[in-house]
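Engineer:
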Amino acid sequence: MIEVPAITAVMRTLADPTRRAVFERIVGSDEITVVELTRGSGVTQGAISQHLKSLKLAGLVAERPQGRKVYYRAEPEGLAPLVDWMDHYALFWRDRFANLRTLLREIDP
Amino acid sequence: MNDAAVMAGSREIIVDEVFPHTLDVIWKTLTTPATMGRWIKMAPTGFEPKVGARFTYQTTPAGEWNGVIQCQVLEVIPNERLVYAWKGGHEGNVGYGSRLDTVVTFTLAAVENGTRLRLVHSGFMLPRNETAFKGMSEGWKGVIQRIDAVSSEQD
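Chains as they are written, first to last, in the numbering used here: chain A, 55 to 163; chain B, 74 to 228.
1) Assuming A144 of chain A and E129 of chain A form a contact by the criterion Cβ under 8 Å, report the distance between their Cβ atoms to the nearest whole angstrom.
2) Do L173 of chain B and L96 of chain B count as a contact pair if the criterion is CB distance below 8 Å?
3) Please decide whether L96 of chain B counts as near chain A, where near means a Cβ-Cβ distance under 8 Å.
4) Can you give me the C-alpha to C-alpha distance between F206 of chain B and T105 of chain B, rounded to a whole angstrom?
5) Return the residue from the list A:A112, A:L111, A:R127 that minimises the CA-CA distance to R168 of chain A.
6) With DSSP run on the structure shown, which of helix, strand or coil describes T105 of chain B?
7) Give a yes or no on whether 8 Å exceeds the smallest Cβ distance from H142 of chain A to chain B.
8) Apart from the five residues on each side of it in sequence, which residues of its chain come closer than 7 Å, Cβ to Cβ, to Q131 of chain B?
9) With distances taken between CB atoms, is the gap from V124 of chain B to V88 of chain B smaller than 8 Å?
10) My parser needs the beta strand (DSSP E) runs of 3 or more residues fully inside the segment 68 to 132 of chain A; what are they?
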C-alpha cells in the first residue's frame, strides 16, 4: 500500500544532492560498483557506501554480490510513491527491456 | 529510443530497441509464461498466446487496489505482433494505483543485425492518470525528469 510514510522516506532519501547524484548515476548504468561510483564523485568511498545504504533502505537500489564485488542497480519501483502511472511505466519498460536483453544473452548466447 | 507521445487526451510510452537475436527466439521469450516472468519480473497467471485469453500480473497494491493487473490477449500474429489489454487500479487512488485502462503492443521486425522490438504502452488518460505530485514542489518533478533524461541517454 502506498502511504505517506513511504513517500516521505523516498523524498528524504533523495533530498540530499550527493545521494541523488549517486542514485542518478546508478539509474544511468546497467549495474555499477562502489569503486566506479566513487570515481569522479568528489567524495570518499565510505560516504558513497553510506548513501548506498540509505538508497537500499528506501527501496531505490538493489545489490548483487559477485565474488568480492557488489554490483548496484536501480529499483525503479522504489520511486512508485512519487510518480504517476505514466512515469512508472516509462521506467518500468525501460528497465524490463534491459532485463530482456540480459535474459536473451543467457538463453541464446 | 524512448518517447512519450502526446495524443488527444491520451498518452503512450514507446520503447524501441534492436536485439541481436532472431525473431523466433524473441517471440518465444515474449510469449512463454516462464520466460515472461523472468524479464517482466512478475509471473503471468493464466497467459496463453491466444486471442481472448485472460491473465493477470500481481504488482504492488495501492490503497483499495489489490495490485492485480487484469490482462486479455487482443491480437496474436506469431513472430510479428502481440497485443494485450492491461487494466488495474482503483478510482480512489491518484497517481500510481489510480484507474488504469491501457493496451500493451509488442511489434517485432527482422533487421540486419537481429530483431527490432517495439513496445507501445498506450491509453494513459489525462488528467486521470496524471501526476501524483499535486501539492508537492516542482523540484520533485524535476528530479524525476532528470532521472528519466539520464536513463534515456544510456539507451
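Ideal Cβ placement from N, Cα and C applies to all residues, glycine included. None of the values given here were measured: they were computed from a predicted structure.
Structural biologist: According to the structure shown:
1) Not quite, the Cβ-Cβ distance comes to about 15 Å (not below 8 Å), so this is no contact.
2) no
3) no
4) At F206 of chain B the pLDDT is 31, less than 50, meaning the model places this residue with poor confidence; the figure from the coordinates comes in the next sentence. The straight-line gap separating the alpha-carbon atoms of F206 of chain B and T105 of chain B is approximately 37 Å.
5) Lying outside 55 to 163, the shown extent of chain A, residue 168 of chain A is not represented and no answer is given.
6) Three-state DSSP puts T105 of chain B in coil, outside helix and strand.
7) yes
8) M115, G140, V141
9) Between V124 of chain B and V88 of chain B, the C-beta gap is not smaller than 8 Å, which leaves the two residues out of contact.
10) 115 to 120, 123 to 128
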